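A short worksheet on the structure shown next.
Protein chains: 2
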Amino acid sequence: MRIALDAMGSDRGPAEMVAGAALAVRAAEVHITLVGSKEQVLPALEKEGISHLVDFVPTSQVVTMSDSPIDAVRKKKDSSVVVAFELLKKGVVDAVVSPGNSGAVMAAAIKYLGRLKDISRPGIASVFPTLKGPVVVMDVGANVDCRPKHLFQFGIMASAFSRIMFGIEKPRVGLLSIGEEGGKGNALVKSSHALFQSSGLNYIGNVEGRDTFLGDVDVIVCDGFVGNVCLKLSEGLAEAILSMLKEEIGKTLKARMGYFLARQAFSNFKKRVDYAEYGGAPLLGFNGTGVICHGRSNMLAIKNALLVADELARNQVNAHILTMLENNMPVLADFEESDVPAGAA
Amino acid sequence: MRIALDAMGSDRGPAEMVAGAALAVRAAEVHITLVGSKEQVLPALEKEGISHLVDFVPTSQVVTMSDSPIDAVRKKKDSSVVVAFELLKKGVVDAVVSPGNSGAVMAAAIKYLGRLKDISRPGIASVFPTLKGPVVVMDVGANVDCRPKHLFQFGIMASAFSRIMFGIEKPRVGLLSIGEEGGKGNALVKSSHALFQSSGLNYIGNVEGRDTFLGDVDVIVCDGFVGNVCLKLSEGLAEAILSMLKEEIGKTLKARMGYFLARQAFSNFKKRVDYAEYGGAPLLGFNGTGVICHGRSNMLAIKNALLVADELARNQVNAHILTMLENNMPVLADFEESDVPAGAA
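Protein sequence lines correspond, in order, to chains A and B. FYI, the numbering for the first sequence is 57 to 401, going by this note's numbering. FYI, the numbering for the second sequence is 57 to 401, going by this note's numbering.
If you want it as structure tokens, here you go:
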């Protein structure tokens, strides 16, 4: 598979992106096309010694985190994000990986790839670590006001992703809510419950916030507002906990010695929860494969994102999504006739 | 102040509640009325040696976690929850503390206390620990589908609480959203932003999930669905992180020795994030003061909840809320005329 990597727009700069590409081409049979500034990318490729192993497409513009997504796509035609998606549209590459402004990445995907047939709202999935295996949460920010059929399509897309990435034949799907009984939740969740129940998904019912990290569910479905709050809350809390622990440990010599002895355990733990291990958040529901990485992604995160993109493209995640959608069409069609809650926009 | 403590319905049983009451009466000048089963509470009072220091009101029924809130209040008239709120209504006590079924506690408060004048939706606030001071989050579960004016009233009520409990003269209020700019969020948040901006609250704009634990905001406002998911997600994640760390530390003798040396730091850290330190979640917006405790509250949590209830009643939290509401009436009245988002039920 050929993957375009947007080398610009990350917090760490193009050199880190190129280092990530170098890790990926050395780890797997993946063909990478770096897209970005000639002045910044070419020297980095030289330095990593991978100039002969990857392709390069020069661009002159950069989409920043503060750019409005729509303006960015409209006005910065020669930006690395836009050009990467153009390459995908033209079939020059099979997938795009970008650590840039996620709104602009979404906007470029909408413009250049378009929605997958019968998907109303493409979205972004994210992988959370748990006490057992990883869990896929969708949507984490692309769609803030949703209807039941949107949540249902998130369930289908995230299930297809879980199957390909984690080899789970029938991923257990839960609706994120505030009580385990089907009758609990807001208007959107209550109304979606029936749709999930009558579907072909392996639906296990509502799950609560605290179930997220237990590992007893493979896919958690929520609207993009709730999902994004959860994603950022989790990141913030994990950092706060480690920072508070560090502060307490720093207070006495004895505790510092203790930490020194236990440091391998801390480092194993950090690896277990490190976002970099999970390789970014897949864009699902487009005619093409894309992966959005955290703006502060390090080379390891970029490497893993490239491998995830490769896996998704190679295993045709979209074909899986289309099949699952087709199998569930009668359920969705029946549901359309019934009422949708006032609480869903 | 006189506080009724619902001694039944907690996961740990009446003896733990009585032990909490004993801690409270020995720590402060607070008058407690235990409400619950004679057979279970009286021996515990004897054992703690506080029979002469507290009052006791016998009840014959118990509301369980699986009872439907409305049925519980309607059919279990002689339950500890219902009787405690009756005592408050009659003016026999000044506040109620309950570790029971929070839906039933809300239902009893609605029935026996009623809403505070001009408050459309009473709710539940919760205190989260942060890197700096505590932050008050409201609503955490009572109101799942909200309109802007409800969020605004949560902002007022939580500000009054923050002022009384933490002595913050003008609490910084943030709207929980998925981007810091005012234009970002779901329909409800976007529409609420203008209302907060034109108000007399110390509104600092949108805050994101990751800001929750930084301590740069005193009050975070969100609907009860989002707030409840955040509360439970945070509890679940904190437990998962500690459990993963423990697992990693358990793997080698060296790490276990390290932990032994650093154990005081771990215990200080746990104390810092322990829900028990924060004394339960206040019910705000009712004609009367109530505090809901976690079902698994230990004696320390109960003691702190009793002291919080005492503080709220003594400092007349409701008078503060009413004054703030009155000061903001013109803003609310102006807003009523404009459109509310389709996304809000």
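Virtual Cβ for every residue (Gly too), placed ideally from N, Cα, C. Remember, predicted model here, so these are calculated numbers, not experimental data.
Residue state for Met162/A is assigned as helix, using DSSP reduced to three classes. Think of a sphere of 7 Å around the beta carbon of Ser299/B: the chain A residues whose beta carbon falls inside it are Leu187, in chain order. Within the stretch 268–319 of chain B, the complete beta strand (DSSP E) segments at least 3 residues long are 275–277, listed from N- to C-terminus.
Pairing Tyr168/A with Phe141/A gives a Cβ-Cβ distance under 7 Å. Note that the C-beta distance between Val229/A and Leu251/A is not below 7 Å.
Listed by position along chain A, the residues whose Cβ is nearer than 8 Å to that of Ile234/B are Gly197, Val200, Gly280, Phe281, Asn284, Val285 and Lys288.
Taking each of Pro114/A, Gln117/A, Ile88/A and Ser122/A in turn and checking the Cα distance to His108/A, the smallest one comes out for Ile88/A.
Straight-line spacing of the CA atoms in Gly336/B and Lys188/B works out to 19 Å.
For Phe325/A, at least one C-beta of chain B is nearer than 7 Å to its own C-beta.
Taking Arg219/A as reference, the option from Ala198/A, Val119/A, Pro190/A and Lys205/A with the minimal CA-CA separation is Pro190/A. Here the stretch 289–297 of chain A does not lie against the stretch 198–214 of chain A, with fewer than 3 beta-carbon pairs under 8 Å apart.
Taking a 10 Å sphere around the C-beta of Lys146/A, we find fewer than 16 other C-beta atoms and assign the residue as exposed. Nearest in C-alpha terms to Leu340/B, of all of Val97/B, Val91/B, Ile180/B and Lys131/B, is Ile180/B. Taking each of Ser290/B, His350/B and Met73/B in turn and checking the Cα distance to Phe269/B, the smallest one comes out for Ser290/B.
Comparing alpha-carbon positions, the option among Leu368/A, Arg352/A, Asn383/A and Ala311/A lying closest to Asp67/A turns out to be Arg352/A. Taking one beta carbon from each stretch, the stretch 129–138 of chain A and the stretch 153–170 of chain A have 3 or more pairs nearer than 8 Å; the two touch. Here DSSP, grouped into helix, strand and coil, assigns Asn242/A to coil. Within chain B, the residues Asn284, Val285, Cys286, Leu287, Lys288, Leu289, Ser290, Glu291 and Gly292 have their CB atoms less than 8 Å from the CB of Gly265/A, given in chain order. Interface with chain B (7 Å Cβ-Cβ cutoff): Leu207/A is excluded. Put simply, the stretch 230–243 of chain A does not touch the stretch 147–154 of chain A. Fewer than three CB pairs are less than 8 Å apart. Judged by DSSP in its simplified three-state form, Thr345/B adopts strand. Non-local C-beta neighbours of Gln117/A in its own chain, meaning closer than 7 Å and more than five positions away in sequence, comprise Lys132, Asp134 and Ser135, ordered along the chain.
Glu237/A has a beta carbon lying at 7 Å or more from every beta carbon in chain B. Inclusion of Ser176/B and Pro204/B in the CB contact set at 7 Å is not warranted, their separation being larger than that value.
Collapsing the DSSP output to three states places Val329/B in a helix. Per DSSP, Thr379/B is one residue of the alpha helix (DSSP H) stretching across Val373 to Asn383. The DSSP-derived three-state label of Ile358/B is helix. Contacts with chain A at 7 Å (Cβ-Cβ) do not include Tyr331/B. Not a single C-beta of chain B is nearer than 7 Å to the C-beta of Gly76/A.
Within the same chain, and ignoring the five residues on either side of Val387/A in sequence, the residues whose Cβ sits closer than 6 Å to its Cβ are Ser254 and Ser255. In this structure, DSSP gives His249/B a helical state, which the three-state scheme calls helix.
Any Cβ of chain B closer than 7 Å to the Cβ of Leu339/A would place that residue at the interface, and such an atom is absent.
Taking a contact as a CB-CB distance under 8 Å, the pair Thr115/A and Val153/A does not count as one, their CB atoms being some 15 Å apart.
Taking all protein chains in view, the Cβ of Asn383/B is surrounded by fewer than 16 other Cβ atoms within 10 Å, so the residue is classified as exposed.
Rounded to the nearest whole angstrom, the CA to CA distance from Asn262/B to Cys278/B is 11 Å. Counting only Cβ-Cβ distances below 7 Å, Ala311/A has contacts in chain B at Leu317, Ala318, Gln320 and Ala321, in chain order.
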